[in-house]
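Below is one structure; the comments refer to it alone.
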Amino acid sequence: MSKETLSEKTRRRKRWLPVIVIVLLLGVGYGAYSLFIHSGTDFMPLSQFAPRAESMRGQIVSIGGKVAPGSINWDSQAQVMKFALTDGREQLAITYQGLVPDNFKPGMDLVVKGRYGQDDVFTATDFGNKRSVCNVCH
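FYI, in our numbering the residues of the sequence shown are 9 to 146.
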């Protein structure tokens, strides 16, 4: 009788093994996914956006580049800023309406989020400095 009891215990333990393995795999999978999402690569460099611009019209995207020197035009009455984002070769015209941070200046690394319109102008709804840690989270 003690052998039957021992084999029943073994069977019960074996039933839980697949559940434990699945839970562990899900945990490891979520951790890997979280690291990938938070790797700081949630924006597209301008050099990658430029060749795809036509196909991305109207879609919300985040694009990274530098503020082109001499391109900033600020209308303080309307609170509209027009500037260009560059990667040294390509330039993209940006329009942004809203408050602009004090540290906004030519040559700074910037990520803009918004839509590329039919007029070949990117209308930004948000922007900020490039970060090495998750732009999505902050």
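Glycine included, C-beta positions come from ideal geometry on N, C-alpha and C.
Quantities reported herein were computed from a predicted structural model and do not represent experimental measurements.
{"Asked": "Secondary structure of Ile80, DSSP reduced to three states", "Found": "coil"}
{"Asked": "Extent of the continuous alpha helix (DSSP H) run through Ser55", "Found": "Leu54 to Arg60"}
{"Asked": "Among Leu93, Gln105, Ala92 and Ile71, the one whose alpha carbon lies nearest that of Gln85", "Found": "Gln105"}
{"Asked": "Beta-carbon contacts of Phe130 that lie in its chain and below 8 Å, excluding the five residues immediately before and after", "Found": "Ile71, Leu93, Leu100, Ala101, Ile102, Thr103, Val120, Gly122, Arg123 and Tyr124"}
{"Asked": "Rounded C-alpha distance that separates Ser15 from Ile68", "Found": "59 Å"}
{"Asked": "Residue range of the beta strand (DSSP E) that includes Ala92", "Found": "Val88 to Thr94"}
{"Asked": "Status (buried if at least 16 other CB within 10 Å, exposed otherwise) for Gly78", "Found": "exposed"}
{"Asked": "Cβ neighbours of Asn81 in the same chain (closer than 8 Å, five flanking residues each side left out)", "Found": "Met89, Lys90 and Phe91"}
{"Asked": "Alpha carbon of Pro59 to alpha carbon of Gln126, nearest angstrom", "Found": "16 Å"}
{"Asked": "Leu54 and Gly73 closer than 7 Å at C-beta", "Found": "yes"}
{"Asked": "Collapsed DSSP secondary structure at Gly73 in the structure displayed", "Found": "strand"}
{"Asked": "Where Arg123 falls: helix, strand or coil (DSSP)", "Found": "strand"}
{"Asked": "Where Leu107 falls, given that 16 or more other Cβ within 10 Å makes a residue buried", "Found": "exposed"}
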